[in-house]
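Inspection log for the structure reproduced underneath, given as C-alpha cells.
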Amino acid sequence: MQYWLIKSEPFKYSWDQFLSDKSTFWDGVRNYQARNNLKEMKVGDHCLYYHSNEGKEIVGIAEVIKEHYPDPTIDDERWVAVDVKPIRTLKNTVTLAQVKSDARLDQMALVRNSRLSVGPVKEDEFNIIMELSENG
DNA sequence: GCCAACGTTGGC
DNA sequence: GCCAACGTTGGC
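The opening residue of the first sequence carries number 93 in this note's numbering; numbering runs sequentially from there.
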C-alpha cells in the first residue's frame, strides 16, 4: 500500500465537512505533479489530510475508494479526480511546525515543496506522523 | 497583506 | 528550446 498527503484549505473543504459527507471526490488539482500523484493512487491507499493556510496541520486519515477519473468539475481531460473517504481523525493533530522540527521528516514533499497539493508519503514517514499524533 | 518559491506561458 | 514575465500558492 502507498501513502499520500492531500491538502485542502479548511475554508474550502474542511475535515469536518469531509466527516459529515462520509466521502468526497478530490478535484480541483491544476498542477501536473499533483495530477500525476493522483493518477498513482490506488484503491485502499491511505492519505494524510492536511489543512493548509488555516491550521497548517495534519488532521486525519483518508482512504482512496475510487481511482482517478476525469475531473467532473472541468471540461478538460488533462485533469483528474479521485474519491476518498475518511478513516479516522487523529487523536492529536500534527502541525507543520512539528513535521519541520522532526529531522526524520525533512524529506517529505510537504516540507520540501510546500506548494504541492498532493504528494507521496513514505511508510516510515506515515508511521512517524502516527507516532506524533499519539504522543501529541 | 507580504513575499518567496515555483509552475506555466509566451515571445523570440 | 530558452528564458523572462506572470500568476498562484501558502507560510509567515
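Every residue gets a Cβ at the ideal spot worked out from N, C-alpha and C, and that includes glycine. Since this is a predicted model, take the numbers as computed values, not measurements.
message: Taking the straight line between their C-alpha atoms, what separation do you get for M200 and A173?
response: 23 angstroms
query: Which same chain residues, not among the five before or five after I179, have their C-beta less than 8 angstroms away from its C-beta?
result: H138, G152, I153, A154 and E155
query: Unbroken alpha helix (DSSP H) runs of length 4 or more, entirely within the region 137 to 221: which are they?
result: 188 to 193 and 201 to 204
query: Is it a yes or a no for the region 207 to 222 touching the region 110 to 128, going by three-plus beta-carbon pairs under 8 angstroms?
result: yes
task: Following the continuous alpha helix (DSSP H) through Y95, name the residue where it begins and the one where it ends.
output: Careful: Y95 lies outside any alpha helix (DSSP H), inside the beta strand (DSSP E) at Y95 to S100.
message: So if DSSP puts F117 in a beta bridge, which residue, or which two residues, is it bridged to?
response: D175
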